[in-house]
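*Asks:* The structure under discussion is supplied below as structure tokens; questions concerning it will follow.
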Amino acid sequence: MGREPGSYEVSAEFYDLLQAEDDRRRAERRFGHAARRATRGVLDVGAGSGIVTQVLLAASAVPVHAVEPSPAMRSLLLSRLAATRADRRARVTVHPHPLQEAGLEQVADLAVASNVVACLDPTTRREFWKHVGTALTPGGLLLFDPPPAAPPAAREHVGTLGPVRVGPDHYYAELHQGPGDGTVRTEFAYRVEREGRVLRREHETFELWPAAPALIAEELALAGLRPIRWSRSDLVAARRD
Ligand SMILES: C[S@@+](CC[C@H](N)C(=O)[O-])C[C@H]1O[C@@H](n2cnc3c(N)ncnc32)[C@H](O)[C@@H]1O
Numbered sequence: 009m010g011r012e013p014g015s016y017e018v019s020a021e022f023y024d025l026l027q028a029e030d031d032r033r034r035a036e037r038r039f040g041h042a043a044r045r046a047t048r049g050v051l052d053v054g055a056g057s058g059i060v061t062q063v064l065l066a067a068s069a070v071p072v073h074a075v076e077p078s079p080a081m082r083s084l085l086l087s088r089l090a091a092t093r094a095d096r097r098a099r100v101t102v103h104p105h106p107l108q109e110a111g112l113e114q115v116a117d118l119a120v121a122s123n124v125v126a127c128l129d130p131t132t133r134r135e136f137w138k139h140v141g142t143a144l145t146p147g148g149l150l151l152f153d154p155p156p157a158a159p160p161a162a163r164e165h166v167g168t169l170g171p172v173r174v175g176p177d178h179y180y181a182e183l184h185q186g187p188g189d190g191t192v193r194t195e196f197a198y199r200v201e202r203e204g205r206v207l208r209r210e211h212e213t214f215e216l217w218p219a220a221p222a223l224i225a226e227e228l229a230l231a232g233l234r235p236i237r238w239s240r241s242d243l244v245a246a247r248r249d
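Every letter in the sequence shown is one number past the one before it in the numbering used here, and letter 41, counting from 1, is 49.
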């Protein structure tokens, strides 16, 4: 069976092993405070493997809506929820659609889009803001990672994940980014080694859509979202009017 590029079908296998612990600490630092203050509900849009969802559930006492369209990522999300305390699991609703198809209206006073906006092409992104606005109550807060402002000039190595040991094997991922077709092409090359010998290699490519901060500000305004904190690389915060 063929694998769709950018569907997470390859990456889902390695995600928890290579990224979960760092991602969890980062999510607690970035979203814990806002989640503790939520009084109506929390929207985790593009919930992925559910690491952020679990942090939001632990920090808040309100319903959490986890929106995740990718079946591969959703299976990690549901496995994580299966191992979550029953009282917390009772507070989460999993929406197996893109946000634009989830039909959520005024369900949350906090929306979190962790590493999601860059994954959206410009047409989808414009729709996305509108649906975030509809899902938030008036005065609700949106926290998101801004997309890169522009594609890089040349392909470059941007990081290594691992090694993480599983029995006799070591797991790694090498990350490269380069210019795509108006996009930032992001390549994950996974490798499993035993006694210094490569046992397996897997590969998945994602296209990220860059957008200048001024364009994002314009799009947010059209959706009734008012930026209250800007950052080029860290979280951006916006409030629904
Ligand atoms: C890079 S992952 C980030 C996952 C998670 N938020 C995290 O920080 O670990 C981006 C996620 O956004 C999801 N996604 C992409 N388009 C979406 C959309 N239109 N609505 C909701 N989720 C979307 C993808 O399926 C993917 O799981």
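Ideal placement from N, C-alpha and C gives every residue a C-beta, glycine not left out. None of the values given here were measured: they were computed from a predicted structure.
Give the range of the alpha helix (DSSP H) segment to which Val60 is assigned.
*Replies:* For the purposes of this step, residue 60 is taken as the residue at position 52 of the sequence shown. Ile59 to Ala67 is the span of the alpha helix (DSSP H), which, as asked, contains Val60.
*Asks:* Between the stretch 32-48 and the stretch 86-106, are three or more C-beta pairs nearer than 8 Å?
*Replies:* Because the criterion of three Cβ pairs below 8 Å is not met, the stretch 32-48 and the stretch 86-106 do not touch.
*Asks:* Give every residue of the same chain whose Cβ lies closer than 6 Å to the Cβ of Tyr23, excluding the five residues on either side of it in the sequence, and list them in chain order.
*Replies:* As a position in the sequence shown, residue 23 is number 15, starting the count at 1. These residues qualify, in order along the chain: Ser57.
*Asks:* With Gln27 as the anchor, note down where its alpha helix (DSSP H) starts and where it stops.
*Replies:* In the sequence shown, residue 27 corresponds to position 19, counting from 1. Start and end: Ser19 to Arg45.
*Asks:* For the candidate residues Ala246, His184 and Arg208, whose alpha-carbon lies nearest to that of Leu6?
*Replies:* The structure shown does not extend to residue 6, since the chain is modelled only from 9 to 249, so the question has no answer here.
*Asks:* Measuring only the C-alpha atoms, how far is Ala67 from Arg93?
*Replies:* For the purposes of this step, residue 67 is taken as residue 59 along the sequence shown, with counting starting at 1. For the purposes of this step, residue 93 is taken as residue 85 along the sequence shown, with counting starting at 1. Distance between the alpha carbons of Ala67 and Arg93: 13 Å.
*Asks:* Tell me, which residues are paired with Ala116 by DSSP?
*Replies:* In the sequence shown, the residue the question calls residue 116 occupies position 108. Answer is Leu144.
*Asks:* Which runs of the beta strand (DSSP E) at least 3 residues long sit entirely within the stretch 122-183? Give them in chain order.
*Replies:* Correct list: 144-152 and 164-174.
*Asks:* Can you find a C-beta in chain C that's less than 7 Å from the C-beta of Val50?
*Replies:* The structure shown contains no chain C, having only a single protein chain.
*Asks:* Return the CA-CA distance between Arg208 and Glu201, expressed in angstroms with no decimal places.
*Replies:* As a working note, residue 208 is residue 200 in the sequence shown. As a working note, residue 201 is residue 193 in the sequence shown. Each residue's Cα considered, the two are about 7 Å apart.
*Asks:* Have a look at Ala69 and Gly40 and give me their C-alpha separation to the nearest angstrom.
*Replies:* Here residue 69 corresponds to residue number 61 of the sequence shown, with the count starting at 1. Here residue 40 corresponds to residue number 32 of the sequence shown, with the count starting at 1. Rounded to whole angstroms, Ala69 to Gly40 spans 12 Å at the Cα level.
*Asks:* Which stretch, first to last residue, makes up the alpha helix (DSSP H) that contains Glu227?
*Replies:* Looking up residue 227 in the sequence shown gives position 219. It spans Pro221 to Leu230 - the alpha helix (DSSP H) in which Glu227 sits, taken as one unbroken run.
*Asks:* Any idea if Val206 is buried or exposed, counting beta-carbon neighbours within 10 angstroms, 16 or more meaning buried?
*Replies:* Sequence index remark: in the sequence shown, residue 206 carries index 198 (1-based). Classification for Val206: exposed.
*Asks:* From the DSSP secondary-structure annotation, give me the bridge partner or partners of Gly186.
*Replies:* Working through the sequence shown from its first residue, we reach residue 186 at position 178. In DSSP, Gly186 forms a bridge with Arg193.
*Asks:* Can you tell me the Cα-Cα spacing of Glu109 and Arg134, whole angstroms?
*Replies:* In the sequence shown, residue 109 corresponds to position 101, counting from 1. In the sequence shown, residue 134 corresponds to position 126, counting from 1. If I take the Cα positions, the gap works out to 14 Å.
*Asks:* Just checking Val140 against ligand 1 - is the residue's beta carbon closer than 6 Å to any of the ligand's heavy atoms?
*Replies:* Translated into positions along the sequence shown, residue 140 becomes position 132. Checking every heavy atom of ligand 1 against the Cβ of Val140, none is found closer than 6 Å.
*Asks:* Considering only DSSP beta bridges, list what Pro235 is partnered with.
*Replies:* As a first step, residue 235 must be located in the sequence shown, where it is residue number 227. Bridge partners of Pro235: Ala246.
*Asks:* Got a sec: does ligand 1 put a non-hydrogen atom nearer than 6 Å to the Cβ of Gly56?
*Replies:* For this step, residue 56 is matched to residue 48 along the sequence shown. Within the cutoff, so yes.
*Asks:* Thinking C-alpha only, which one of Arg32, Glu164, Arg237 and Pro235 is nearest Val63?
*Replies:* The residue given as residue 63 occupies position 55 in the sequence shown. Out of Arg32, Glu164, Arg237 and Pro235, Arg32 has the C-alpha closest to the C-alpha of Val63.
*Asks:* Taking C-alpha atoms, which residue in Thr213, Pro154, Thr145 and Gly167 lies nearest to Gly232?
*Replies:* Locating residue 232 in the sequence shown gives position 224, counting from the first residue. Gly232 has its Cα closest to that of Thr145, out of Thr213, Pro154, Thr145 and Gly167.
*Asks:* Distance, Cα to Cα, Asn123 vs Gly204?
*Replies:* Here residue 123 corresponds to residue number 115 of the sequence shown, with the count starting at 1. Here residue 204 corresponds to residue number 196 of the sequence shown, with the count starting at 1. Looking at the two C-alpha atoms, the distance is approximately 33 Å.
*Asks:* Classify Leu228 as buried or exposed, calling it buried when 16 or more other Cβ atoms lie within 10 Å of its own Cβ.
*Replies:* Position 220 of the sequence shown, counted from the first residue, corresponds to residue 228. With 16 or more Cβ atoms within 10 Å of its Cβ, Leu228 is classed as buried.
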